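Enquirer:
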Amino acid sequence: MSNPKLSDFNFDLEAIRRYEIDLKNGVLRADGAADHKRMMEAIDRLGMIDRDDRPLRSASVQSGKSEPLTSAVDKWLANCSGKNGARTVDTKVYHIKDFLALSFPLVESVERWLAEHEKVEFNKNKGLRRLEENKASGRHSSADIEVNAISKQTLVEYKDALLAIPQTPKTIDNKLNSLHDFFKYIIGHGLHTALEVNSVEGMLIQTKTSRKKSTKSYQPFTEEALATLFEPEAYLAAMDAPDLFWGPLLGIHTGMRIGEATQIRCVDVHKAPRTGLHYIHVYKSKTPGGIRNVPISDALIELGFLDYVEECRAAGAERLFPHRLLINHSYSKELSAAMLEHQRARRIKAPQTSFHSFRVNVITQMHDNDANAAKVMKIVGHDDGEGHAVHWGYVRELPKLKPIVDELVWPIDLQALRYDGRFAAFVTDRNNWAADKDAAP
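The UniProt record's numbering numbers the first residue of the sequence shown as 1 and each following residue consecutively.
(1) Give the straight-line distance between the Cα atoms of I252 and E311, rounded to the nearest whole angstrom.
(2) In the structure shown, what three-state DSSP assignment does N369 receive?
(3) Report buried or exposed for I165, applying the criterion of at least 16 other Cβ atoms within 10 angstroms of its Cβ.
(4) To which residues of the same chain is W76 closer than 6 Å at the C-beta, ignoring the five residues directly before and after it?
(5) Quick one: which unbroken alpha helix (DSSP H) runs of 4-plus residues sit fully inside the stretch 213 to 277? Chain order, please.
(6) Just to confirm the assignment, what range does the beta strand (DSSP E) spanning P295 have?
(7) For the putative contact between T171 and S103, defined by C-beta atoms under 8 Å, what is the C-beta separation to the nearest angstrom?
(8) CB A238 to CB I348, shorter than 7 Å?
(9) Excluding the 5 residues flanking T305 on each side, which residues of the same chain have their C-beta closer than 6 Å to its C-beta?
(10) Classify S58: buried if its beta carbon has 16 or more other beta carbons within 10 angstroms, exposed otherwise.
(11) Tell me the DSSP secondary structure of E146 in three-state form.
(12) Identify whether P105 lies in helix, strand or coil by the three-state DSSP scheme.
(13) Counting only beta-carbon atoms, is A237 nearer than 7 Å to chain D?
(14) For L303, which residues in the same chain have their Cβ closer than 7 Å to its Cβ, ignoring the five residues on either side in sequence?
(15) Which residues in the same chain as P68 place their Cβ atom closer than 8 Å to its Cβ, once the five residues preceding and following it in sequence are excluded?
(16) Give the DSSP-derived three-state secondary structure of I186 in the structure shown.
(17) Taking the alpha carbon of I264 as the point to measure from, which residue in I205, S332, S142 and S81 has its own alpha carbon closest?
(18) Put L326 into one of helix, strand or coil per three-state DSSP.
(19) State the beta-bridge partners of P403 as determined by DSSP.
(20) Measuring straight from C-alpha to C-alpha, what distance separates K152 and E116?
(21) Three or more C-beta pairs under 8 Å: does that hold for the stretch 282 to 290 against the stretch 205 to 220?
(22) Enumerate in chain order the residues of its own chain whose CB-to-CB distance from H342 is below 6 Å, with the five nearest sequence positions on each side excluded.
(23) For a test of the three-state rule: what should DSSP assign to L56, helix, strand or coil?
(24) Is E111 closer than 7 Å to L131 when the C-beta atoms are compared?
(25) DSSP state of Y283, grouped into three classes?
(26) Which residue or residues does DSSP assign as beta-bridge partners of P430?
(27) How many angstroms separate the CA atom of A299 from the CA atom of N431?
(28) Check whether the Cβ of S336 lies closer than 6 Å to any heavy atom of the ligand NAP, and answer yes or no.
(29) Hey, F221 and N361 are a contact pair by Cβ (cut 8 Å); roughly how many whole angstroms apart?
(30) For the candidate residues E233, G259, Y308 and Y235, whose alpha-carbon lies nearest to that of V269?
(31) Cβ atoms of A337 and L244: under 7 Å apart, would you say?
(32) Whole angstroms is fine: what's the gap from V61's alpha carbon to A194's?
(33) Alpha carbon to alpha carbon, what distance is there between R319 and A345?
(34) Buried or exposed for F423, going by 16 or more other Cβ atoms inside 10 Å?
(35) Got a sec? Which residues, its chain only, sit under 8 Å from E223 by beta carbon, not counting five neighbours each side?
(36) Span of the alpha helix (DSSP H) holding I165?
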């Protein structure tokens, strides 16, 4: 018998198409119990349904009422405060303000939120007055806006605006990363009812590899630059305030970060009971590994650092630099500006050099001196290169750590820079003390 052809069979199409499966539109039809059973068996054989074949959500679900935008922002920032550090939260606040101001400048609720979240009272009042003027003149396009109104196109237009300013790829990506976190939150918490996928996906400019390559690390000061920076006559003339004078000297003799050096309280300067060694307790730092005890070197003692500490204690000051305001979680703003100005004046400003370069100098010289790597990390507050924090540097370890800081040698005339009590009257006068609160940058 020859092979049968399709035409040899008598198909009754109406009889054999007993059940219907239309996954896309969510239709399942069967003709009788037997066909329903076969239909269920067929679905079992299909297994997991691809996303593209899943039933479409109804229009009512897609267009459901969502959270007001400013309310969603407040909830997101409150959530950030529970998981991020204060500086990271401040950065996210700055980024979301930038997005709102560029994307929704004429939405009344957004303009009000931006004005009310100004740190400076003057700017806040100015923003609220402008809001009332816009409201009275009918300039607002709408009174409020929901998060569902933020589409992919909104984000693309925001990114285009940043590119047109222009801003660097790294800056733009930082802002988009904050928005990615915002969208992750509002989608995950059901505040955005029209999205299942984060709209910021695929919008970053840099890959992880290119971002790493474009990030420039801090460079150490050269020996010549250090000698020029700390030249006594010029240094004393330029660095004419307690933090300006002591900050760089602390940095080059301890490896402290600028925020760590400028936050020191009188209670943070200790004398170990058994050994008599003096040390500074770094109570707050950029990383967990930064919480540590740093031995005070003989060079700092020779410079008169402990004498200055005693002057602050006698004056009743809580901090070594009571005249500085806490600005954006740091007391370092004035020192940072003074360092930049002094470098430029001395013609030693090079790319990637700043106060942080002292830290690079310290770590580099310690390693050049063949210091034990673990001990170096305890002094400077670092991790071990594998993501593990190495912190504190217990008081009992100070005798092993102090020789390492004492071996640091710099082209600095210690005798010419020795503290002579020049800031005693300034520190004693409480009219010079700043309020311990946040202020405008």
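Glycine included, C-beta positions come from ideal geometry on N, C-alpha and C. These numbers come from a predicted model, not from an experiment.
Expert: For this structure:
(1) Position 252 of the sequence shown, counting from 1, holds the residue named residue 252. Position 311 of the sequence shown, counting from 1, holds the residue named residue 311. Within the model, the alpha-carbon separation for I252 versus E311 is close to 23 Å.
(2) Within the sequence shown, the letter at position 369 stands for residue 369. In this structure, N369 counts as coil in the three-state DSSP scheme.
(3) Taking the sequence shown and counting its residues from 1, one reaches residue 165 at position 165. That one is exposed.
(4) As a first step, residue 76 must be located in the sequence shown, where it is residue number 76. Answer for W76: F182 and Y185, listed in chain order.
(5) Entirely contained in the stretch 213 to 277, the alpha helix (DSSP H) runs reaching 4 residues are, in chain order, 223 to 229, 232 to 238, 242 to 254 and 258 to 262.
(6) Within the sequence shown, the letter at position 295 stands for residue 295. For P295, the enclosing beta strand (DSSP E) stretches over residues R292 to P295.
(7) Here the question's residue 171 lines up with position 171 in the sequence shown. Here the question's residue 103 lines up with position 103 in the sequence shown. So it is not a contact: roughly 17 Å between Cβ atoms.
(8) By one-based count along the sequence shown, residue 238 stands at place 238. By one-based count along the sequence shown, residue 348 stands at place 348. No, Cβ-Cβ distance for A238 and I348 is not below 7 Å.
(9) Within the sequence shown, residue 305 is the residue found at index 305, counting from 1. Residue 305 is actually Phe in this sequence, not Thr. The answer is none, since no qualifying residue turns up.
(10) To locate residue 58, count along the sequence shown from 1; it is residue 58. Any reading at S58 must be qualified, since the residue scores a pLDDT of 43, below 50, and its modelled position is unreliable; the value itself is stated next. By the 10 Å Cβ count, S58 comes out exposed.
(11) In the sequence shown, counting from the first residue as 1, residue 146 sits at position 146. Of the three classes helix, strand and coil, the one that applies to E146 here is strand, per DSSP.
(12) Counted from its first residue, the sequence shown places residue 105 at position 105. Coil, per DSSP.
(13) Considering every chain present, this structure includes no chain D. It has just one protein chain.
(14) Walking along the sequence shown from the start, residue 303 turns up at place 303. Excluding sequence positions up to five before and after L303, its CB lies within less than 7 Å of the CB of L249, L414, L417, R418 and Y419, all in the same chain and listed in chain order.
(15) Along the sequence shown, read from residue 1 onward, the residue named residue 68 stands at position 68. Excluding residues within five positions, the ones whose Cβ falls inside 8 Å are S109, D144, I145, E146 and V147.
(16) In the sequence shown, counting from the first residue as 1, residue 186 sits at position 186. Helix, per DSSP.
(17) Position 264 of the sequence shown, counted from the first residue, corresponds to residue 264. Residue S332 is the option with its Cα nearest to I264.
(18) The residue you call residue 326 lines up with position 326 of the sequence shown. It is a strand residue.
(19) What you label residue 403 is simply residue 403 of the sequence shown in a count that begins at 1. Answer by DSSP bridge pairing: none, since P403 is not bridged.
(20) The residue labelled residue 152 in the question sits at position 152 within the sequence shown. The residue labelled residue 116 in the question sits at position 116 within the sequence shown. Their backbone Cα atoms lie some 28 Å apart in a straight line.
(21) no
(22) As a first step, residue 342 is located in the sequence shown; it is residue number 342 there, counting from the start. Counting only Cβ-Cβ distances below 6 Å, and skipping sequence neighbours, we find A238.
(23) The count along the sequence shown starts at 1 and reaches residue 56 at position 56. At L56, the pLDDT of 49 sits below 50, so the modelled position is not reliable and the matter cannot be decided from this model.
(24) As a first step, residue 131 is located in the sequence shown; it is residue number 131 there, counting from the start. As a first step, residue 111 is located in the sequence shown; it is residue number 111 there, counting from the start. Contact: yes.
(25) Sequence index remark: in the sequence shown, residue 283 carries index 283 (1-based). Of the three classes helix, strand and coil, the one that applies to Y283 here is coil, per DSSP.
(26) Position 430 of the sequence shown, counted from the start, is the residue given in the question as residue 430. According to the sequence as given, residue 430 is Arg; it is not Pro. Looking at the DSSP output, R430 bridges to nothing.
(27) Indexing the sequence shown from 1 puts residue 299 at position 299. Indexing the sequence shown from 1 puts residue 431 at position 431. Using only the alpha carbons, I get a separation of about 32 Å.
(28) The ligand NAP is not part of this structure, which contains no ligands at all.
(29) For the purposes of this step, residue 221 is identified with residue 221 of the sequence shown, where counting begins at 1. For the purposes of this step, residue 361 is identified with residue 361 of the sequence shown, where counting begins at 1. Contact annotation, F221 with N361: C-beta distance approximately 6 Å; criterion of less than 8 Å satisfied.
(30) Working through the sequence shown from its first residue, we reach residue 269 at position 269. Looking at the Cα atoms, Y308 is the closest of the given residues.
(31) As a first step, residue 244 is located in the sequence shown; it is residue number 244 there, counting from the start. As a first step, residue 337 is located in the sequence shown; it is residue number 337 there, counting from the start. No, the Cβ-Cβ distance between L244 and A337 is not below 7 Å.
(32) The sequence position of residue 61 within the sequence shown is 61, counting from 1. The sequence position of residue 194 within the sequence shown is 194, counting from 1. Low local confidence applies: a pLDDT of 42 at V61 is under 50, so the model's placement there is unreliable, with the coordinate-based value given in what follows. For V61 and A194, the distance between alpha carbons rounds to 8 Å.
(33) If you number the sequence shown from 1, residue 345 lands on position 345. If you number the sequence shown from 1, residue 319 lands on position 319. Straight-line Cα distance between these residues: approximately 29 Å.
(34) Start at 1 with the first residue of the sequence shown, and residue 423 comes out as number 423. Buried, by the Cβ-count rule.
(35) Locating residue 223 in the sequence shown gives position 223, where the first residue counts as 1. If we look at E223 and ignore the five residues flanking it on each side, its Cβ neighbours are P411.
(36) Locating residue 165 in the sequence shown gives position 165, where the first residue counts as 1. Per DSSP, I165 belongs to no alpha helix (DSSP H) and is neither H nor E.
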